[in-house]
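Chain order of the listed sequences is V and R. Residue numbering for the first sequence follows my numbering, beginning at 22 and increasing consecutively. Residue numbering for the second sequence follows my numbering, beginning at 5 and increasing consecutively.
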Amino acid sequence: MEFWTAFYAISFYLAILIFIGGLAYKIYQYAKTPAPLVIPTMPAPRTSSGVVIRVLSEVILFRSLFRSNLWIWLFGIMFHVALLLVLLRHLRYFTEPVWGLIVLVQPFGKYGGLIMILALFGLLARRMFVERIRYISNPSDYLMLVLLLVIGISGASMTFVTHTDIVQLKAFMLSVIYFDFFNWQSIPSDKMLLVHLAAVILLMIIFPFSKLLHAPGVFFSPTRNQVDNSREKRHVAPWALELEKTGN
Amino acid sequence: MAKAKFETPALRPYPVIPILKPDAMKGDGPFLAKPAMQESLGYPGELVDNWKEVAIAKMGDLLKKYRSLRVYLDSCVKCGACTDKCHYLIGTQDPKNMPVARQDLLRQVYRRYFTLAGKLFPKLVGAKDLTKEVLDDWYNYYHQCSQCRRCSVFCPYGIDTAEISMAAREILDSVGKGQKYCNEIIEKVYKIGNNLGLPEPALKNTLEGLEEDIKDDTDIDVRLPLDEEGAEVLLVTPSADFFAEPHIDGLIGYAKVFHQAGISWTLSSYASEAANFGMFIGSYENMRRVSLRIREAAIKLKVKRIIFGECGHAWRVAYSFLNTLAGPFDFLDQRYPIPQHICEFTNDLIKKGKIKLDKSANDHRRVTFHDSCNVARGAGMGNIPGGQFIIPREVIKACCNHFYDMPADTIHDKTYCCAGGGGLLTDDLMEVRVKGALPRMEALKHVVDNNGVTHMAAICAICKTQFSKVLPYYGFEMDQIISVHQLVSEAIILTPNES
Ligand code: HEM
Ligand code: SF4
Ligand code: SF4
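Okay, here's the thing in structure tokens:
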């Protein structure tokens, strides 16, 4: 297992680097690009606290999606809430001692995995069988769901069917986290686990290059995060200021 | 005019999601702008030889200038929530009129030239080279978008296809493939002062004629002043108000309101246009140039307030952009909103009892209200969110006894565009206009059948022109569309000026 231990450990470092670096770059790019005109979809809040509520209602409740299509909303919210629970539950593999909150969500996270799989199948079915959604789908849109299903199913099968050596896995993860270079604890040789981790690594790598950018994007969407105050306040972008200086 | 050769969609008893008909609206798009027009707006006269490089460079430039474009091209997850929300999809069934598919026309090129995934694996992520075919698709389908932003209401990330359309049109302009209708109109504003190319003497004549008409009608001297220095208010209104039906009855309504309120006002021959087609072509520079005319007129005429007449996209530019583009307006009276909408103005006077209305004057009408897309989703009124829905309705209800709203999913921020907005109000796009009006016509039919509605009131010059044209295609009369201030005009109780 020496080879696989090193392979997974190094892949993890690379994936984390790409994931964090890529995401940070994208967020920097979004933040830096000016928003020259005020374009909130009206009616919009007239205060910043109103805007915070508006954005949170999109992030937590998927409010616009709810107004738009109940089926997509249902599968969408099921998937994301389940994903969140599962992610929280996973923290127990990385923390020692396990945080109290994580111990609390632990039992829910277990079933979260199943709900996530169910929701992903729902989303996949929509994509395949609804004519309009099939039309707008590229191979990557299907593959993204397949990848998440691989993660979900391999993970759930370890929870409910063939248990892997959790103690050994945790030792491996902690040695990776604490940078025990080439002194890593060995990774359990369970095939399911190797598939699961490989898929997660792949997901982290493609995250900043794919539509998963919707996660930071939702916070930067001018139609959602701008205050309706344009009659009271000017919003001249730096490049537009140049126009004013040159007198046209 | 002979009706163009296409089939008007049938009104459906209840709305269902349409089946797709690929390429149903494929075509060459609207007429191209002539070289001289292009050049007066600062664009190449015709398609440049290296259009591909220019287009991609322009896209790169816009990506740096507009956060909306950058975030929206990245963020779409192809969830499909927007796919059945566009009136053009509903009316034409062409899949490229689904908002996300319309965005994808630009997004496929963005991915190919600006993203790693698209550079390495174009097939996988649906990235495409910019070919002549793609360019033609842009021209055709970005001129089947009225930039109404209905899709942005329903998208979980608020992705606004109007922003994408505007960017696409700006790219098209910058390679020399501009649209005749929009660019011709902007050129006229620069040369003459308004979209219609109505010069000052003609305008003066028209206004005098209207004063006489009002006198004949009411026996009262109501003025429509032009270029009067020192007036309290500068009224900026779409030039269609000067001569088209039913717009002109709205203009008469504004005049009567000013008269009765005893507030001096003036029109400007230099800024005799509220419309700003610079927005439709996505050009900040042109939008700003048109806006500055209003600022200049206000300074020259030494007014204290600016009020806008009934025009949808003009109100979006006025409410959301004017202060940014042409401000600061520190020389105006800060006690009033800058600028103010005529409905805000009238509603205020009604609330304060400064004008009196006789509702029974409109008893022969049963009225509904069409929320114009740019007012509903692009602007506001009053100082509470949603004022743009409340205030016009309050004005209408103060003027007539019978008011009925259309079904809830077709009004307020879910309103359907008239299908003539965004620079599509031209005869060479008649098929798109008629088909895109389907959902609004169905909603109208609903209140006609259930509430006996006889008239639909609107506060947008484009909506009014568009509906007068398309209502007959669906079995209605062209004069069933009216101005909100026409209702005011008929209900207002006039008294002679004290002085
Ligand atoms: C701020 C956090 C996030 C928000 C607000 C958010 C919101 C949404 C919404 C509203 C949708 C559309 C509905 C749907 O198709 O399910 C969506 C789709 C999707 N989200 Fe997220 N998301 C977030 C984070 C993530 C993360 C971290 C992932 C990581 C895997 C993810 C994966 C996906 C996928 C794969 C889809 C597409 C589903 C499909 O193909 O139909 N999301 N997201
Ligand atoms: S902005 Fe309006 S016309 Fe354009 S795609 Fe969206 S819904 Fe359709
Ligand atoms: S609703 Fe938004 S995210 Fe969903 S397909 Fe349409 S544009 Fe993309």
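Note that CB positions come from ideal geometry on N, CA and C, so glycine has one too.
Taking its Cβ as the centre, do 16 or more other Cβ atoms sit within 10 Å of residue i, making it buried, or is it exposed?
i, result
"R:W55", "buried"
"R:M5", "At R:M5 the pLDDT is 39, less than 50, meaning the model places this residue with poor confidence; the figure from the coordinates comes in the next sentence. The residue is exposed, with fewer than 16 neighbouring Cβ atoms inside 10 Å."
"R:A495", "buried"
"V:Y34", "exposed"
"R:P99", "buried"
"V:N269", "Confidence at V:N269 is low in this model, with a pLDDT of 49, below 50, so the placement of that residue is unreliable and no value is reported for it."
"R:M102", "buried"
"R:H147", "buried"
"R:F468", "Sequence check: residue 468 of chain R is Lys here, not Phe. When all chains shown are included, R:K468 counts as buried."
"R:K7", "Residue placement at R:K7 cannot be trusted, given a pLDDT of 46 that sits under 50; what the coordinates show is reported in the next sentence. It counts as exposed."
"V:I81", "exposed"
"R:M291", "buried"
"V:I172", "buried"
"V:G121", "exposed"
"V:A52", "exposed"
"R:G46", "exposed"
"R:D177", "buried"
"R:Q392", "buried"
For a test of your reading of the model: does the CB of residue i fall under 7 Å from any non-hydrogen atom of ligand 2? Yes or no.
i, result
"R:K100", "no"
"R:A166", "yes"
"R:P103", "yes"
"R:C155", "yes"
"V:S242", "no"
Please state whether the Cβ-Cβ distance between residue i and residue j is less than 8 Å.
i, j, result
"R:D164", "R:R153", "yes"
"V:Q50", "R:R74", "yes"
"R:V488", "R:P396", "yes"
"R:M460", "R:I485", "yes"
"R:C403", "R:K363", "yes"
"R:A318", "R:N280", "yes"
"V:P64", "R:G162", "no"
"V:H217", "V:M179", "yes"
"V:L58", "R:F325", "yes"
"R:A40", "R:K184", "no"
"V:I208", "V:F230", "no"
"R:L274", "R:A301", "The amino acid at residue 274 of chain R is misidentified as Leu; the sequence shows Tyr. Contact: yes."
"V:L264", "R:E167", "no"
"R:E400", "R:D409", "What sits at residue 400 of chain R in the sequence shown is Ile, not Glu. No; because the gap between Cβ atoms is not below 8 Å, this pair is not in contact."
"R:L200", "R:S243", "yes"
"R:E215", "R:L228", "yes"
"R:K241", "R:C186", "Before going on, a small fix: residue 241 of chain R reads as Thr here, not Lys. Taking 8 Å as the Cβ cut-off, R:T241 and R:C186 do not qualify as a contacting pair."
"R:Y340", "R:A383", "no"
"R:I218", "R:V237", "no"
"R:L429", "R:Q470", "yes"
"R:V379", "R:I466", "no"
"R:Q42", "R:G49", "yes"
Under the assumption that residue i contacts residue j (Cβ atoms under 8 Å), give the Cβ distance between them as a whole number of angstroms.
i, j, result
"V:L144", "V:F96", "5 Å"
"R:P203", "R:I196", "6 Å"
"V:R255", "R:N327", "5 Å"
"V:R148", "V:W92", "In fact, because the Cβ distance is near 12 Å, the residues do not count as touching under 8 Å."
"V:N90", "R:A85", "5 Å"
"R:L353", "R:A259", "Not confirmed; about 14 Å, so no contact."
"V:F228", "V:L44", "7 Å"
"R:L128", "V:S161", "5 Å"
"R:V157", "V:S85", "7 Å"
"R:K25", "R:Q107", "Not really, about 20 Å apart at Cβ, beyond 8 Å."
If you measure from the CB of residue i, is any heavy atom of ligand 1 nearer than 7 Å?
i, result
"R:F158", "no"
"V:I93", "yes"
"V:D162", "yes"
"V:M165", "yes"
Can you tell me whether residue i sits near ligand 3, meaning its C-beta is under 7 Å from at least one heavy atom of the ligand?
i, result
"R:K82", "yes"
"R:Q151", "no"
"R:Q107", "yes"
"V:I98", "no"
"R:C90", "no"
Could you check whether the Cβ of residue i sits closer than 7 Å to any heavy atom belonging to ligand 5?
i, result
"R:F247", "For ligand 5, the structure offers nothing, since it holds only ligand 1, ligand 2 and ligand 3."
Query - the stretch 299–310 of chain R / the stretch 247–265 of chain R touching (three or more Cβ pairs under 8 Å) - result: no
Query raised in the report: Okay, do the stretch 110–128 of chain R and the stretch 187–202 of chain V touch, 3+ Cβ pairs below 8 Å being the bar?
Result: no
Query raised in the report: Would you call the stretch 98–106 of chain V and the stretch 120–137 of chain V in contact, with 3 or more CB pairs under 8 Å?
Result: yes
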